[in-house]
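A.B. asks: Numbering (my numbering), first residue to last: 16 to 325. Glycine included, each C-beta is placed from N, C-alpha and C at the ideal position.
#1: First and last residue of the beta strand (DSSP E) that includes residue 159?
#2: So residue 73 is in the alpha helix (DSSP H); what residue range does that whole segment cover?
#3: Work out the CA separation of residue 46 and residue 69 for me, nearest whole Å.
#4: So, helix, strand or coil for residue 241, using DSSP?
#5: Within the continuous beta strand (DSSP E) that includes residue 256, where are the two ends?
#6: Hey, out of 131, 64, 96 and 41, whose CA is closest to residue 268's CA?
#7: Tell me the start and end of each unbroken beta strand (DSSP E) in the segment 189-222 that is at least 3 residues and wholly inside, in chain order.
#8: Residues in the same chain with beta-carbon distance under 7 Å from residue 106, minus the five sequence neighbours each way, listed in chain order, please.
#9: First and last residue of the beta strand (DSSP E) that includes residue 171?
#10: Taking CB distances under 8 Å as the criterion, tell me whether residue 172 reaches chain D.
#11: Do the CB positions of residue 342 and residue 247 come within less than 8 Å of each other?
#12: Would residue 101 and residue 285 be called neighbours here (beta carbons separated by less than 8 Å)?
#13: My parser needs the alpha helix (DSSP H) runs of 4 or more residues fully inside the segment 120-144; what are they?
#14: Rounding to the nearest angstrom, what Cα-Cα distance links residue 96 and residue 138 in this structure?
#15: Roughly how many whole angstroms lie between the Cα atoms of residue 213 and residue 134?
#16: What are the partner residues of residue 153, as DSSP defines its beta bridges?
#17: Classify residue 52: buried if its beta carbon has 16 or more other beta carbons within 10 angstroms, exposed otherwise.
#18: So, using beta-carbon positions, are residue 55 and residue 33 closer together than 8 Å?
#19: Taking the straight line between their C-alpha atoms, what separation do you get for residue 179 and residue 74?
#20: In the structure shown, what three-state DSSP assignment does residue 24 receive?
#21: Indicate whether the contact test is met: 3 or more Cβ pairs, each with one atom in the segment 218-227 and one in the segment 240-256, closer than 8 Å.
#22: Using alpha carbons as the reference points, say which of 273, 59, 287 and 196 lies closest to residue 142.
#23: If we ignore side chains and look at the alpha-carbon of each, how far apart do residue 44 and residue 195 end up?
#24: Out of 59, 26, 24 and 154, state which residue places its alpha-carbon closest to the alpha-carbon of residue 36.
#25: Are the beta-carbon atoms belonging to residue 264 and residue 128 less than 8 Å from one another?
#26: Could you compute how far the alpha carbon of residue 167 sits from the alpha carbon of residue 82?
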């Protein structure tokens, strides 16, 4: 039985049904799901019945799963689960203002893990508990946004490389960290435009983690980055997912941007859990780049160390 596809925007985002994601999938169905993901960029699967174990098992069909760092006690037994909630290790709503401020960075347009040298391809976010109001996740189509740029801008972007930092996005959200402190912490360089391998279409690869453009004066580079982000997040390229418990949304970080929607973080619980698939082939030996990033860059400077990246 073929999957049922319900487009959200023309050519971008789709609600998909017709497969039980809690059970092993046939090779034919795996390929069909991958083809759908490549075409639409974001897929939404409602009321999946997934738990942590089946979430992880299903995610493995997309590739090598990253391990979440554990700088502090965690609610989760499996390191493949990244905690995207507003809950602490005991399951209570976070009441630390510094941590809330860091998490506020997730509500700015971003691309997961672009601050890593080893880029993340897919993110699979599962809703376990949702607030009564708000808490949507917004997505932007960076393939169509690139294609709609004037040729003069495409020519200008050719060969440009962005410098990406997790802490730069947190600074934009209001976290008190200086430019000098960000300079001392790890960053990663990636082209502003690349070819999305799943569709062979070009896409922008920018967002809140992109701090500077290599070789360009800082003010000029940041002006261009802001212009590109504003272009890619116009209403015609954007939609929101309103969550229900058990819903899974899969997005391709290499052809999208996303941001969290507002909700009352001090009052309402939002328990969201994410698996993250690395771009490319699995490593030949076990590695843990998120833990390495934390060890290299999260030692306190003038502020507490950042919480787990998302």
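C.D. replies: The short version:
#1: Here residue 159 refers to the residue found at position 144 of the chain shown. Premise fails: residue 159 lies in the alpha helix (DSSP H), 157-162, not in any beta strand (DSSP E).
#2: Position 58 of the chain shown, counting from 1, holds the residue named residue 73. Unbroken alpha helix (DSSP H) run through residue 73: 67-74.
#3: As a position in the chain shown, residue 69 is number 54, starting the count at 1. As a position in the chain shown, residue 46 is number 31, starting the count at 1. Between residue 69 and residue 46, the C-alpha separation is close to 19 Å.
#4: For the purposes of this step, residue 241 is taken as residue 226 along the chain shown, with counting starting at 1. Helix.
#5: Looking up residue 256 in the chain shown gives position 241. Element bounds for residue 256: 253-256.
#6: Taking the chain shown and counting its residues from 1, the one referred to as residue 268 is at position 253. Comparing Cα positions, the closest option is 131.
#7: 203-206, 208-211 and 216-219
#8: Within the chain shown, residue 106 is the residue found at index 91, counting from 1. Correct list, in chain order: 90.
#9: Your numbering for residue 171 matches position 156 in the chain shown. Premise fails: residue 171 lies in the alpha helix (DSSP H), 166-172, not in any beta strand (DSSP E).
#10: Among the chains of the structure shown, chain D does not appear; only one protein chain is present.
#11: Nothing can be reported for residue 342, as the shown portion of the chain is limited to 16 through 325.
#12: Counting from 1 along the chain shown, the entry for residue 101 is found at position 86. Counting from 1 along the chain shown, the entry for residue 285 is found at position 270. Yes.
#13: none
#14: Residue numbering aside, residue 96 sits at position 81 when the chain shown is read from its first letter. Residue numbering aside, residue 138 sits at position 123 when the chain shown is read from its first letter. Each residue's Cα considered, the two are about 11 Å apart.
#15: The sequence position of residue 213 within the chain shown is 198, counting from 1. The sequence position of residue 134 within the chain shown is 119, counting from 1. Approximately 15 Å between the Cα atoms of the pair.
#16: Numbered from 1 along the chain shown, position 138 holds the residue referred to as residue 153. BP columns for residue 153 point to 255 and 274.
#17: For the purposes of this step, residue 52 is taken as the residue at position 37 of the chain shown. Buried, by the Cβ-count rule.
#18: In the chain shown, the residue the question calls residue 55 occupies position 40. In the chain shown, the residue the question calls residue 33 occupies position 18. Contact flag unset, no.
#19: By 1-based counting over the chain shown, the position of residue 179 is 164. By 1-based counting over the chain shown, the position of residue 74 is 59. If I take the Cα positions, the gap works out to 26 Å.
#20: Numbered from its first residue, the chain shown carries residue 24 at position 9. DSSP places residue 24 in strand when its eight states are reduced to three.
#21: yes
#22: The residue given as residue 142 occupies position 127 in the chain shown. Cα-wise, what sits closest to residue 142 is 287.
#23: Position 29 of the chain shown, counting from 1, holds the residue named residue 44. Position 180 of the chain shown, counting from 1, holds the residue named residue 195. Spanning the two alpha carbons is a distance of roughly 50 Å.
#24: What you label residue 36 is simply residue 21 of the chain shown in a count that begins at 1. Cα-wise, what sits closest to residue 36 is 59.
#25: Translated into the one-based positions of the chain shown, residue 264 becomes position 249. Translated into the one-based positions of the chain shown, residue 128 becomes position 113. In this structure, residue 128 does not lie closer than 8 Å to residue 264 by Cβ.
#26: Numbered from 1 along the chain shown, position 152 holds the residue referred to as residue 167. Numbered from 1 along the chain shown, position 67 holds the residue referred to as residue 82. The alpha-carbon atoms of residue 167 and residue 82 are separated by roughly 41 Å.
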